[in-house]
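Taken in order, the sequence shown gives residues 860 to 1047; the numbers are from our numbering.
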Amino acid sequence: MPDSAETLQRTGGRELTRIVYDEKTIAARVAEMGQEIAGAYEPDEPLLVLGLLKGSFIFLSDLVRHIPRPLHVDFIVASSYGSGTTTSGHVNLLYDPSISLENKHIVLVEDIVDSGTTLSRLVPMLEERGPLSLEICTLLHKHIAANLIREPRWVGFDAPHEFLIGYGLDHSEDFRNLPFIGSLKHDS
Ligand code: PRP
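Here it is as structure tokens:
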């Protein structure tokens, strides 16, 4: 089905193969995930939700509003992709929270697990800081990572092997503001 005029307006004319997850589908699943996370910890246990930027910024902001318990929020800024559509294999840490992770349960929030390179770099680094526990929550999981260092405890959707954009996910920094997740059509 061709993209609607509204979708093309949002993408600046760039065509999608399809909308993979629409706003309602995402909202319903994110609300469920928030409840699941809340139920995994005792109410008096300290919980830090650590968002991996930039991709997780929309997911995280929706997610924490569905976790009905006290928590803290911080961010890590890492980047593994340049302007292309495949991973570079390198993960650059651009901002690293200075706060202590000791005596806290950490939920690391990712938008997508693709090659697993980002998690391979971050999980040992965070473990070294002695948190009470470290779990991963990802909205999307492609299940293509060989030897993923840690399976996410919470997964929103098992994602297709397509180039996904929107709801925080970008292509060369574009499309993060789409309210849905779409599959980007290759340039012909
Ligand atoms: C993307 C995405 C994940 C990571 C997943 O981030 O947000 O963090 O790649 O890919 P991987 O499993 O192959 O490591 P990116 O490096 O593009 O930075 P961004 O979050 O700023 O978009």
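Just so you know, even glycine gets a beta-carbon here, dropped at the ideal spot from N, CA and C.
Being a predicted model, the structure only gives us computed values, none of them experimental.
Tell me whether glycine 1015 counts as near the ligand PRP, meaning its Cβ is closer than 7 Å to at least one heavy atom of that ligand. Every heavy atom of the ligand PRP is 7 Å or more from the Cβ of glycine 1015, so no.
Measuring only between beta-carbons, confirm whether leucine 875 sits less than 8 Å from chain D. The chain labelled as chain D is not found in the depicted structure, where only one protein chain is given.
How would you write the range of the alpha helix (DSSP H) that glutamate 865 sits in, first residue to last? Segment 864-870, the alpha helix (DSSP H) holding glutamate 865.
Distance, glycine 872 Cα to valine 1014 Cα: One C-alpha to the other measures close to 31 Å.
Return yes when the Cβ of isoleucine 1003 is within less than 8 Å of the Cβ of serine 979, no when it is not. The answer is no: Cβ separation not under 8 Å.
Going by DSSP, what residues sit across from glycine 1025 in a beta bridge? Bridge partners of glycine 1025 according to DSSP: Leu1028.
Which whole-angstrom value is the C-beta distance of leucine 967 and leucine 952, which I expect to be below 8 Å? The beta-carbon distance between leucine 967 and leucine 952, rounded to whole angstroms, is 14 Å. This is too long to meet the 8 Å contact definition.
Once the 5 residues before and after glutamate 874 are set aside, which same chain residues still bring their CB inside 7 Å of it? For glutamate 874, the CB contacts under 7 Å within the same chain, skipping 5 residues up- and downstream, are Asp862 and Lys1044 in chain order.
What residues are listed by DSSP as bridge partners for glutamate 994? Per DSSP, Val966.
So, are the CB atoms of phenylalanine 934 and proline 956 less than 8 Å apart? In contact: phenylalanine 934 and proline 956 (Cβ atoms closer than 8 Å).
If we ignore side chains and look at the alpha-carbon of each, how far apart do glycine 1046 and proline 1019 end up? A small correction: the amino acid at residue 1046 is aspartate; glycine does not occupy that position in the sequence shown. Approximately 19 Å, taken between the alpha carbons.
Nearest-angstrom Cα distance between aspartate 881 and glycine 898? If you take the alpha carbons of aspartate 881 and glycine 898, they lie about 26 Å apart.
Express the C-alpha separation of threonine 884 and serine 1031 in angstroms, rounding to a whole number. Each residue's alpha carbon lies about 25 Å from the other.
If you draw a straight line from the C-alpha of proline 927 to the C-alpha of glutamate 895, how long is it? Glutamate 895 has its alpha-carbon roughly 10 Å from the corresponding atom of proline 927.
Alpha-carbon spacing of tyrosine 1026 relative to arginine 988, whole angstroms: Separation of tyrosine 1026 and arginine 988 (C-alpha to C-alpha, rounded to the nearest whole angstrom) is 30 Å.
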